[in-house]
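Under UniProt numbering, read the sequence shown as residues 7 to 341, first letter to last.
All C-beta atoms, glycine included, are put in the ideal place defined by N, C-alpha and C.
This structure is a prediction, so every number in the text was calculated from the model and none was measured.
Below: the structure, in structure tokens.
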Amino acid sequence: TPRVFSGIQPSGGLTLGNYLGAMKRFVEMQEAGEYETIYCIVDLHAITVWQDPAALTRNTRELCAGYIAAGIDPEKSVLFNQSQVAEHAQLAWIFNCVARMGWMQRMTQFKDKVGKNAQNASLGLFAYPALMAADILLYHATHVPVGEDQKQHVELTRDIAIKFNHDYKVDFFPVCEPVIEGAATRVMSLRDGSKKMSKSDPSDMSRINLTDDADTIARKIRKAKTDPEPLPEDPKGLEGRPEARNLVNIYAALADRTVEDVLAEIGGRQFSEFKPMLADLAVAKLGPISTEMARLMDDPAEIDRILTRGAERAREIAAPILRRTYDIVGMVGPT
Ligand code: AQP
Numbered sequence: 007t008p009r010v011f012s013g014i015q016p017s018g019g020l021t022l023g024n025y026l027g028a029m030k031r032f033v034e035m036q037e038a039g040e041y042e043t044i045y046c047i048v049d050l051h052a053i054t055v056w057q058d059p060a061a062l063t064r065n066t067r068e069l070c071a072g073y074i075a076a077g078i079d080p081e082k083s084v085l086f087n088q089s090q091v092a093e094h095a096q097l098a099w100i101f102n103c104v105a106r107m108g109w110m111q112r113m114t115q116f117k118d119k120v121g122k123n124a125q126n127a128s129l130g131l132f133a134y135p136a137l138m139a140a141d142i143l144l145y146h147a148t149h150v151p152v153g154e155d156q157k158q159h160v161e162l163t164r165d166i167a168i169k170f171n172h173d174y175k176v177d178f179f180p181v182c183e184p185v186i187e188g189a190a191t192r193v194m195s196l197r198d199g200s201k202k203m204s205k206s207d208p209s210d211m212s213r214i215n216l217t218d219d220a221d222t223i224a225r226k227i228r229k230a231k232t233d234p235e236p237l238p239e240d241p242k243g244l245e246g247r248p249e250a251r252n253l254v255n256i257y258a259a260l261a262d263r264t265v266e267d268v269l270a271e272i273g274g275r276q277f278s279e280f281k282p283m284l285a286d287l288a289v290a291k292l293g294p295i296s297t298e299m300a301r302l303m304d305d306p307a308e309i310d311r312i313l314t315r316g317a318e319r320a321r322e323i324a325a326p327i328l329r330r331t332y333d334i335v336g337m338v339g340p341t
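Now the structure itself:
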């Protein structure tokens, strides 16, 4: 069975972008029955930028609750937090020695995150994609469901696998594929159609959080930036209208419909009519998730037990692959 691996950082509350770009797809792949699915809370990635320890703990548990509330079943999928499977950090070190500085310097996410301040970024933030390669390849995963923004990192993972296999003259690490599908692979900020919706955006009005209540969701959608034109009748009419495109994409993804199909229905309407439809749909889809998250968060001990069990299952797959990697590299150890 092909293996699926993906992760989300516990670096703040979950956004609609994380849900539509990642989690909803994770659940679909779990339910497809064609894959072994492994989903991770990547806490080692989160600390590449400063995280308050108490907030990291809370965000890790909340993300676990979010995964389960969105439909990840810890019996069907392996669900755990990265730091508890030490093999991630161990393989990442080897990949730090395989990846080249020049490859990392081309990563647009790093450049976007640090801006002009690269000298002050953590070494971990620079090396982030090598850890991500370790996350995926530690399980010999071949399918990596991600949002559009992570495509370049999955491609780097392929380069690392290819170079490792070449340098050590083995055919050991598989070449993986990003799985980027659906109407909302890149959900944009509600305030600026050229910026990704992000949990770390200083403006809370720019995003919908999975924990927002119905009134907050409706208010954020009402205030979302738009243009004065009515909605077009087909997708071509969304060109050059990033805010309109974003809201239509969100609607289509939440409704499990194509953009064509949605525009055939709502084309010609004004935003004043469309926005309440979108708000109702978002509340209907996200409301049950946030209620279930809150219920799960009432029992943090149960969340911790789920993560501990998930880490044991992850380690069963990861440990032999790391052991074989060490053998290939020539490291002496128990036989
Ligand atoms: N706006 C988005 N649209 C579609 N997919 C998105 N993802 C994130 N934002 C969007 C996808 O969610 C998964 C987990 O992302 P992450 O939290 O690990 O890291 P990120 O991409 O850096 O997310 P944020 O929200 O922007 O976090 P911060 O602000 O901390 O950097 C990935 O599959 C990602 O593609």
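- Annotated three-state conformation of C46 is strand, per DSSP.
- DSSP, read as helix, strand or coil, puts H146 in coil.
- Uninterrupted beta strand (DSSP E) stretches at least 3 residues long and entirely within the stretch 240–298 do not occur.
- In the three-state scheme derived from DSSP, where H, G and I count as helix and E and B as strand, E183 is classed as strand.
- Contact between the stretch 318–338 and the stretch 91–98 is present: 3 or more CB-CB pairs across the two stretches fall below 8 Å.
- Apart from sequence neighbours up to five positions away, the residues of its chain that approach K231 with a beta-carbon distance below 8 Å are L196, R197, D198, G199, E249, ordered along the chain.
- Of the candidates M138, R315, R228, R315 places its Cα closest to the Cα of V84.
- Take the alpha-carbon of I44 and the one of I256: they are about 26 Å apart.
- Beyond the five residues adjoining it in sequence on each side, M29 comes within less than 6 Å, by CB distance, of A76 in the same chain, given in chain order.
- For P135, the secondary structure class from DSSP, reduced to helix, strand or coil, is helix.
- By the neighbour-count criterion, in which a residue is buried when 16 or more other Cβ atoms sit within 10 angstroms of its Cβ, T7 is exposed.
- In the DSSP annotation of this structure, the continuous segment of the beta strand (DSSP E) that includes R9 starts and ends at 9–14.
- Between K205 and the set L22, F11, C70, the nearest pair of CA atoms involves L22.
- Separation of the CB atoms of H146 and P184 is rounded to 16 Å, and the pair is thereby denied contact status at 8 Å.
- Taking all protein chains shown into account, C46 has 16 or more neighbouring C-beta atoms within 10 Å of its C-beta and is therefore buried.
- Each of L253, E279, L143, G130 was checked against the Cα of V160, and the nearest Cα belongs to L143.
- The three-state reading of DSSP puts L97 in helix, counting H, G and I together.
- By alpha-carbon distance to G72, the top candidate from I166, I14, T114 is I14.
- If you draw a 10 Å sphere on the C-beta of Q125, you find fewer than 16 other C-beta atoms in it, and that means exposed.
- Put simply, the backbone Cα of M110 is about 13 Å away from that of R164.
- For V176, the shortest separation between its Cβ and any heavy atom of the ligand AQP does not lie below 7 Å.
- Per DSSP, N87 is one residue of the beta strand (DSSP E) stretching across 84–87.
- Looking at Q96, L20, Y41, the one whose alpha-carbon comes closest to that of R330 is Q96.
- CA-to-CA, the gap between V254 and M113 works out to about 29 Å.
- Non-local C-beta neighbours of P16 in its own chain, meaning closer than 7 Å and more than five positions away in sequence, comprise I47, D49, A52, L62, N65, T66, L69, ordered along the chain.
- Residue P241 holds the alpha-carbon nearest to the alpha-carbon of G273 among V289, P241, R301.
- Taking N123 as the centre and dropping the five residues before and after it, the same chain places no C-beta closer than 7 Å to its C-beta.
- Sequence-distant partners of V265 (beyond 5 residues in either direction) whose C-beta falls short of 7 Å from its own C-beta, in its chain, are A189, P241, V254, N255, A258.
- The ligand AQP approaches V48 closely enough that one of its heavy atoms is under 7 Å from the residue's Cβ.
- Out of P326, I166, D286, I100, the CA that lies nearest to the CA of V335 is found in I100.
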